[in-house]
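I have placed the structure first, in the form of structure tokens, so that the comments after it can refer back to it.
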Amino acid sequence: MSEPKPPTPTPGDTYKGWLFKWTNYIKGYQRRWFVLSNGLLSYYRTQAEMGHTCRGTINLATANITVEDSCNFVISNGGAQTYHLKASSEVERQRWITALELAKAKAVHMQAESDDSGDDCPTVPPTSGQGGGGGCRNLEIQSTLRTLGSKVEDLNTCNDLIVKHGSALQRSLSELEGIRVGADMGEKMRQVTERSTLFRITSNAMINACRDFLSLAQNHGKRWQKALQVERDQRIRLEETLEQLAKQHNHLERAFRGATVLPPSFSNPAMANKDKKGDASDEDDDNEFFDAMEDPAEFITVPADPKYHRRSGSNVSGLSSETGMEDQSFDELSLASNPESPQPLELEPVRQRRTRIPDKPNYYLNLWSIMKNCIGKELSKIPMPVNFNEPLSMLQRLSEDLEYYELLDKASKCQSSLEQMCYVAAFTVSSYSTTVHRTGKPFNPLLAETFELDRLKDCGYRSLCEQVSHHPPAAAHHASSEKGWTLRQEITLASKFRGKYLSIMPLGSIQCLFDKSNNHYSWKKVTTTVHNIIVGKLWIDQSGEIDVVNHKTGDRCHLKFAPYSYFSRDVPRKVTGVVTDKDGKAHYVLSGTWDEKMEFSRIMQSSKGENGTEGKQRTVYQTLKAKEIWRKNPLPEGAENMYFFSSLALTLNEAEEGVAPTDCRRRPDQRLMEDGRWDEANAEKQRLEEKQRTVRREREREAVKAASSPEEGTHPDNYQAMWFEKLDDPVSGETLHVYKGGYWEAKDQGSWDMCPEIF
448 MSEPKPPTPT
458 PGDTYKGWLF
468 KWTNYIKGYQ
478 RRWFVLSNGL
488 LSYYRTQAEM
498 GHTCRGTINL
508 ATANITVEDS
518 CNFVISNGGA
528 QTYHLKASSE
538 VERQRWITAL
548 ELAKAKAVHM
558 QAESDDSGDD
568 CPTVPPTSGQ
578 GGGGGCRNLE
588 IQSTLRTLGS
598 KVEDLNTCND
608 LIVKHGSALQ
618 RSLSELEGIR
628 VGADMGEKMR
638 QVTERSTLFR
648 ITSNAMINAC
658 RDFLSLAQNH
668 GKRWQKALQV
678 ERDQRIRLEE
688 TLEQLAKQHN
698 HLERAFRGAT
708 VLPPSFSNPA
718 MANKDKKGDA
728 SDEDDDNEFF
738 DAMEDPAEFI
748 TVPADPKYHR
758 RSGSNVSGLS
768 SETGMEDQSF
778 DELSLASNPE
788 SPQPLELEPV
798 RQRRTRIPDK
808 PNYYLNLWSI
818 MKNCIGKELS
828 KIPMPVNFNE
838 PLSMLQRLSE
848 DLEYYELLDK
858 ASKCQSSLEQ
868 MCYVAAFTVS
878 SYSTTVHRTG
888 KPFNPLLAET
898 FELDRLKDCG
908 YRSLCEQVSH
918 HPPAAAHHAS
928 SEKGWTLRQE
938 ITLASKFRGK
948 YLSIMPLGSI
958 QCLFDKSNNH
968 YSWKKVTTTV
978 HNIIVGKLWI
988 DQSGEIDVVN
998 HKTGDRCHLK
1008 FAPYSYFSRD
1018 VPRKVTGVVT
1028 DKDGKAHYVL
1038 SGTWDEKMEF
1048 SRIMQSSKGE
1058 NGTEGKQRTV
1068 YQTLKAKEIW
1078 RKNPLPEGAE
1088 NMYFFSSLAL
1098 TLNEAEEGVA
1108 PTDCRRRPDQ
1118 RLMEDGRWDE
1128 ANAEKQRLEE
1138 KQRTVRRERE
1148 REAVKAASSP
1158 EEGTHPDNYQ
1168 AMWFEKLDDP
1178 VSGETLHVYK
1188 GGYWEAKDQG
1198 SWDMCPEIF
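What follows is the structure, given as structure tokens:
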């Protein structure tokens, strides 16, 4: 009779086989060769790749193993890695699950022992000529080996005794079988003999397995510990080497370019790595990067000749000297050059606003079941649950552009239009800083919905937003400040879901007007892309180009938002720009990132440099030392549990008396979501959307009745806004909704008769 064979590998054994791994929504599941060894699960395209190319590895010590159905299971490593796997049959899946659970248990045990060894190490005093850490580890290994050796001896003794007593028992049973008391007695004896034989075989198999396992642990324990220590040492050396290489690379670049402000792209890394990336093109990484084609830099900057530091700078911006520009900050110079700088005033006590909202609840939602029907469609026309949202309206998100209103306050005090352009350009970049972690979708405003932001007492400005169109959805925004500037914008969002990512294209114009100088600026927003919609962690990127134009003077600032590329040598989320006058002469260079800070440099001289990678001749700017013009405010404590809201965003949905009945703060589904009651919020959102559709159908019927002919305004979206009117701007030549007045007067009087009931 043969010994029973275990159905799964014992802990520590290598387990191999074919599994189907989910790659992406186009290719679906692909057959891959998986190898489980030493607590690590690795996979390859074929068995032949095992010697040279590993496609991915996940550590089971920190992984979660989840069974989905008869053949599918998921291995997730704390959100950093996730493998969706499928076996060929339920039996095969169970074999893999058993092997993975055993390997995970062993990996966790070894990790715990390693951690305990590190924790206990300081209590062991180092001996002479031996380091404390090494001595502690050696003592631990020796103690473990002595214990294992003792256990092996005990098991050998037990094995000898079982064999000895088992043989004697069988002999006794054989003798009893010879005693013929009756036919029944003989049959019983044979049964007892068979059972004792099975018992002996099973006992021997158990003892042999234990002995083999402990023997392996004894033989390989030192090697495992040594390998672990080697890996740790290599990791430390690698980190140190990378740090040194980064420093050397930076030093060489500065030595070659002379303290470069804006490093150029000397080549196209995306094309150079095309073949490399193609090897793993069918695999999905949990942070799937948007590999954009890098355009060669149009210019590079180098330090200006020291002689410029002694020259007068009046020929460019009216400043007294460049020495002053080096010694003082940009803000101090701009304010000092303005004779009308306000004197300190007595501050009135302002309202204390909230600094927290209820934490975001953890609701599970099958994203793919909803998004698979949205590919290629306009998302504004698809009903979405609040699980995708954040408890703010799109009107409130527009108002967040004013978080760094101080930049416009400083711009209004500038004597030079070129200096003013630098502040306006920095303001356009700052509006994107709040989006870096904000992957939630804002609520689509209902038609006639409004939002007021009254910060007149504490910040000197107030703004009003109104949803002026339903399809396409469009919002108008007007903000004015006591410091002498006005901001107005009309934004229409066009969004497309492309499977792996979501593109949001803001359409419309933003304008900023300054009372004192009558400078009139306009610009448009760049494209926002949300990556890893289906699988992986969501992340946001901004890409495109912005031209900020001063329609009065002809000054222009060309800003470029570089799309994120895995192979790029530049810093992520980089923004560069050049400020030029009406003749095309460059005066300032802007550089930085849209999620952290922006700096500017004064250009003293420019010249044509060598040709770039595509034959374009790059301009070399000699600049003064860079100065910081804007830096992002830190997020409040606990922001990760509050939708990553900024300090301003936390106050936007705070209940406030006296606002219009159409104000976002009064919207019930948004309020329910903020309170964490998402099920009720979804029901309320569905009610409001159905109510809006009913009103739209009624408006269609009235439009048809009122029209004298089919050509005369029968479209249901010929809606007349309450606080805005559509005008042609004679300066910029654009058509947009402009604030016509009356809102703040109606608020002071408490008269909201013209406001419709939309909630």
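For reference, each letter of the sequence shown is one residue, going 448 to 1206 in the working numbering. Quick reminder that beta carbons are idealized off the backbone N, C-alpha and C, glycines included.
Rounded to whole angstroms, what's the CA-CA distance from residue i to residue j? Just pull it up for me.
i, j, result
"Lys533", "Arg479", "10 Å"
"Phe467", "Ser489", "13 Å"
"Leu940", "Trp469", "33 Å"
"Gly1001", "Asp1028", "6 Å"
"Ile522", "Lys474", "20 Å"
"Lys463", "Ser650", "29 Å"
"Ile980", "Ala1009", "21 Å"
"Gly887", "Gln676", "43 Å"
"Arg679", "Val1036", "45 Å"
"Ala559", "Lys553", "10 Å"
"Asp516", "Arg540", "10 Å"
"Leu855", "His884", "25 Å"
"Asp901", "Ala1153", "39 Å"
"Phe961", "Ser863", "13 Å"
"Pro892", "Lys947", "26 Å"
"Leu1071", "Glu1046", "12 Å"
"Pro750", "Gln1069", "5 Å"
"Glu956", "Glu992", "Checking the sequence shown, residue 956 turns out to be Ser, not Glu. Their Cα atoms are separated by approximately 14 Å."
"Phe944", "Ser950", "6 Å"
Could you tell me how far apart the beta carbons of residue i and residue j are, in whole angstroms, since I believe they sit closer than 8 Å?
i, j, result
"Tyr1011", "Arg1020", "7 Å"
"Asn1129", "Pro832", "5 Å"
"Lys807", "Met497", "At roughly 44 Å, the Cβ-Cβ gap does not stay under 8 Å, so Lys807 and Met497 are not in contact."
"Ala872", "Val995", "5 Å"
"Asn809", "Phe890", "Contact doesn't hold; Cβ gap of about 20 Å is too wide."
"Gly668", "Leu592", "6 Å"
On the DSSP bridge assignment, give the partners of residue i in chain order.
i, result
"Gln862", "According to DSSP, Gln862 bridges with nothing at all."
"Pro889", "DSSP lists no partner for Pro889."
"Met497", "According to DSSP, Met497 bridges with nothing at all."
"Trp465", "Trp480"
"Tyr1186", "Phe1171"
"Val977", "Leu949, Ile987"
"Arg935", "His925, Gln958"
"Asn965", "Answer by DSSP bridge pairing: none, since Asn965 is not bridged."
"His917", "DSSP lists no partner for His917."
"Arg1078", "Lys1044"
"Asp1028", "In the DSSP output, where bridge partners are listed per residue, Asp1028 has none listed."
"Ser942", "Ile951"
For residue i, count neighbouring C-beta atoms within 10 Å of its own C-beta (all shown protein chains included) and say buried if the count is 16 or more, exposed if not.
i, result
"Glu1145", "exposed"
"Lys972", "buried"
"Gln914", "buried"
"Ile987", "buried"
"Cys501", "exposed"
"Lys904", "exposed"
"Ile683", "exposed"
"Arg1049", "buried"
"Trp970", "buried"
"Leu865", "buried"
"Thr1182", "exposed"
In three-state DSSP terms, what is residue i?
i, result
"Asp738", "Below a pLDDT of 50, predicted positions are generally treated as unreliable, and Asp738, at 41, falls in that range; the measurement from the model is reported next regardless. It is coil, neither helix nor strand."
"Cys1004", "strand"
"Trp671", "helix"
"Lys1132", "helix"
"Arg1146", "helix"
"Pro1010", "coil"
"Arg618", "helix"
"Gln1069", "strand"
"Ser662", "helix"
"Cys1115", "In the sequence as presented, Cys is not what sits at residue 1115; that position holds Pro. In this structure, Pro1115 counts as helix in the three-state DSSP scheme."
"Met1051", "strand"
"Thr1109", "coil"
"Thr504", "strand"
"Ser1093", "coil"
"Lys1021", "strand"
Any beta carbon from chain D within less than 8 Å of residue i's own beta carbon?
i, result
"Glu1043", "Structure shown: chain D not included; a single protein chain is present."
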